[in-house]
Amino acid sequence: MPIKETETIWHNGKLVPWANATTHVMTHALLYGTCVFEGIRAYDTPHKGPCVFRLKEHIDRLFYSARVYHIDMPFSEQEIIDASREIVHKNGLASAYIRINANLGYGEVGPYTLNCPTDVSVIAFPWDTYLGEEAMKQGIRVCVSSWRRSAPGTIPAGVKAAGNYLSSRLITIEAKRNGYVEGIGLAHDGTVSEGAGENLFVVKNGRIITPPHAASILGGITRDAAIILARELGYEVIEQSLAREMLYAADEIFLTGTAAEVTKVQSVDDIKIGTGDYPVSDSLQKIFFGLFSGETEDKWDWLTPVE
Ligand code: PMP
Numbered sequence: 086m087p088i089k090e091t092e093t094i095w096h097n098g099k100l101v102p103w104a105n106a107t108t109h110v111m112t113h114a115l116l117y118g119t120c121v122f123e124g125i126r127a128y129d130t131p132h133k134g135p136c137v138f139r140l141k142e143h144i145d146r147l148f149y150s151a152r153v154y155h156i157d158m159p160f161s162e163q164e165i166i167d168a169s170r171e172i173v174h175k176n177g178l179a180s181a182y183i184r185i186n187a188n189l190g191y192g193e194v195g196p197y198t199l200n201c202p203t204d205v206s207v208i209a210f211p212w213d214t215y216l217g218e219e220a221m222k223q224g225i226r227v228c229v230s231s232w233r234r235s236a237p238g239t240i241p242a243g244v245k246a247a248g249n250y251l252s253s254r255l256i257t258i259e260a261k262r263n264g265y266v267e268g269i270g271l272a273h274d275g276t277v278s279e280g281a282g283e284n285l286f287v288v289k290n291g292r293i294i295t296p297p298h299a300a301s302i303l304g305g306i307t308r309d310a311a312i313i314l315a316r317e318l319g320y321e322v323i324e325q326s327l328a329r330e331m332l333y334a335a336d337e338i339f340l341t342g343t344a345a346e347v348t349k350v351q352s353v354d355d356i357k358i359g360t361g362d363y364p365v366s367d368s369l370q371k372i373f374f375g376l377f378s379g380e381t382e383d384k385w386d387w388l389t390p391v392e
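Structure, rendered in structure tokens:
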């Protein structure tokens, strides 16, 4: 996806022109992958103006990820929250994708070093529907990847670190080369984990099932919102290991993520899902997007106005 440049980037506490937010080739994060990050959406809402979705939860996850990898954060959570709002506003964006990076910078070599400064940047740029309007309505074709997600006790899948996306890259490239929109990764034990950049939900006999955290998933903030909203709609939602064949037997499947929002799955490995009707996923899409149109009451304080 091409980058749409904006004017200003928040870089270590200062607003700098887009072209000046650069880093050295010997940056620790480039050499060893020591970068944790967040991807967040801001929506243009008619009732509250431009708002960031679940900003606090994203920043909490960023700090949690940094802690796991011993990356000291030189800013407070509140400073990063303020920077995220400011960067959308300063760039005159009504809706945006906000990317926050916290990475070990230039200083020393060696994967274990604790002496590199942390380089923090907050970037915002325009971003539309990730998979396209048609995908939102019709659902997407996915396949089960031949690549497994990282096993528990190896590289932590529950941490949002740049290196985890090497797995996502392999899964998505394989899927796209074979004519699918996205690939689903299995966990180390062959149970279902998640999409390359999305959490997965199966609907079976009116119940909604999603793999647990221990199935090498990233604990998605949209996943959490979907669970809360589905329960709000009266559905039973359970976190449970899913055998691969459950994908083919599902009545409905949908994916969630900041980029994918709530996206229906039309087929898995060319096997059509259910009858082609998606009452549960449709109602969830409606209540989810209603948060941004104002039709769904934001009881949880998930929208933070940028101004
Ligand atoms: N799993 C992976 C691997 C992801 O990259 C993402 C996107 N961040 C998700 C799940 C969904 O997480 P969230 O809803 O917090 O964006």
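Numbers in our numbering are just positions in the sequence shown, counted from 1, shifted up by 85. Where a beta carbon is used, it is the ideal one built from N, C-alpha and C, also for glycine.
Fill in: Helix, strand or coil at D309 according to DSSP, with G and I counted as helix
Start at 1 with the first residue of the sequence shown, and residue 309 comes out as number 224. Three-state result, D309: helix.
Discussion item. Looking at the ligand PMP, does it come within less than 6 Å of T307, judged from the CB to the closest heavy atom?
Written reply: Counted from its first residue, the sequence shown places residue 307 at position 222. Yes, Cβ of T307 sits closer than 6 Å to a heavy atom of the ligand PMP.
Worksheet item: Where do the N-terminal and C-terminal ends of the alpha helix (DSSP H) with L140 fall, by residue?
Response: Along the sequence shown, read from residue 1 onward, the residue named residue 140 stands at position 55. Where L140 is concerned, the enclosing alpha helix (DSSP H) stretches over L140 to V153.
Worksheet item: For the candidate residues V173, V205 and T307, whose alpha-carbon lies nearest to that of G282?
Response: Here residue 282 refers to the residue found at position 197 of the sequence shown. The candidate whose alpha carbon is nearest that of G282 is T307.
Worksheet entry | Anticipated Cβ contact below 8 Å, I208 with R170, distance rounded | Within the sequence shown, numbered from 1, the residue matching residue 208 stands at position 123. Within the sequence shown, numbered from 1, the residue matching residue 170 stands at position 85. That pair is no contact at about 14 Å.
Worksheet item: For the stretch 347 to 367 against the stretch 118 to 134, are there 3 or more C-beta pairs whose distance is under 8 Å?
Response: no
Item to complete: Mark R262 as exposed unless 16 or more other C-beta atoms lie within 10 angstroms of its C-beta, in which case mark it buried.
Response: Along the sequence shown, read from residue 1 onward, the residue named residue 262 stands at position 177. It counts as exposed.
Worksheet item: Which term fits I323, buried or exposed, when burial requires 16 or more other beta carbons within 10 angstroms of its beta carbon?
Response: By 1-based counting over the sequence shown, the position of residue 323 is 238. I323 comes out exposed.
Practice prompt. Over the uninterrupted alpha helix (DSSP H) stretch that includes D167, give me the two end residues.
Written response: As a first step, residue 167 is located in the sequence shown; it is residue number 82 there, counting from the start. Segment E162 to K175, the alpha helix (DSSP H) holding D167.
Worksheet entry | Contact test: N284 Cβ vs the ligand PMP heavy atom, cutoff 6 Å | Sequence index remark: in the sequence shown, residue 284 carries index 199 (1-based). Correct: N284 has its Cβ closer than 6 Å to the ligand PMP.
Worksheet item: According to DSSP, what are the bridge partners of N186?
Response: Locating residue 186 in the sequence shown gives position 101, counting from the first residue. F122 and S206, per the DSSP bridge assignment.
Item to complete: Between the Cα of I338 and those of L303, G280, G375 and R316, spot the shortest distance and give me the residue it belongs to.
Response: What you label residue 338 is simply residue 253 of the sequence shown in a count that begins at 1. Measuring from the Cα of I338, the nearest candidate turns out to be G280.
Discussion item. Given 6 Å as the limit, tell me if E346 has its C-beta closer than that to any heavy atom belonging to the ligand PMP.
Written reply: Numbered from its first residue, the sequence shown carries residue 346 at position 261. Outside the cutoff, so no.
Worksheet entry | Chain-order list of residues whose beta-carbon lies under 7 Å from that of K175 (same chain, five-residue window excluded) | As a working note, residue 175 is residue 90 in the sequence shown. Around K175: T93 and L100.
Discussion item. Considering only heavy atoms of the ligand PMP, does any lie closer than 6 Å to the CB of E279?
Written reply: Walking along the sequence shown from the start, residue 279 turns up at place 194. Yes, since a heavy atom of the ligand PMP falls inside the 6 Å radius drawn around the Cβ of E279.
Worksheet item: If you draw a straight line from the alpha carbon of D157 to that of A114, how long is it in whole angstroms?
Response: Translated into positions along the sequence shown, residue 157 becomes position 72. Translated into positions along the sequence shown, residue 114 becomes position 29. One C-alpha to the other measures close to 13 Å.
Item to complete: May I ask you to list the residues that DSSP assigns as paired with E317?
Response: As a working note, residue 317 is residue 232 in the sequence shown. The partner list for E317 (beta bridge, DSSP) is empty, contrary to what the question assumes.
Worksheet item: Where T130 and S378 are concerned, what is the direct C-alpha to C-alpha distance, given to the nearest angstrom?
Response: Within the sequence shown, residue 130 is the residue found at index 45, counting from 1. Within the sequence shown, residue 378 is the residue found at index 293, counting from 1. Approximately 6 Å, taken between the alpha carbons.
Discussion item. Helix, strand or coil, according to DSSP, for V266 in the structure here?
Written reply: The count along the sequence shown starts at 1 and reaches residue 266 at position 181. Note: V266 maps to coil in three-state DSSP.
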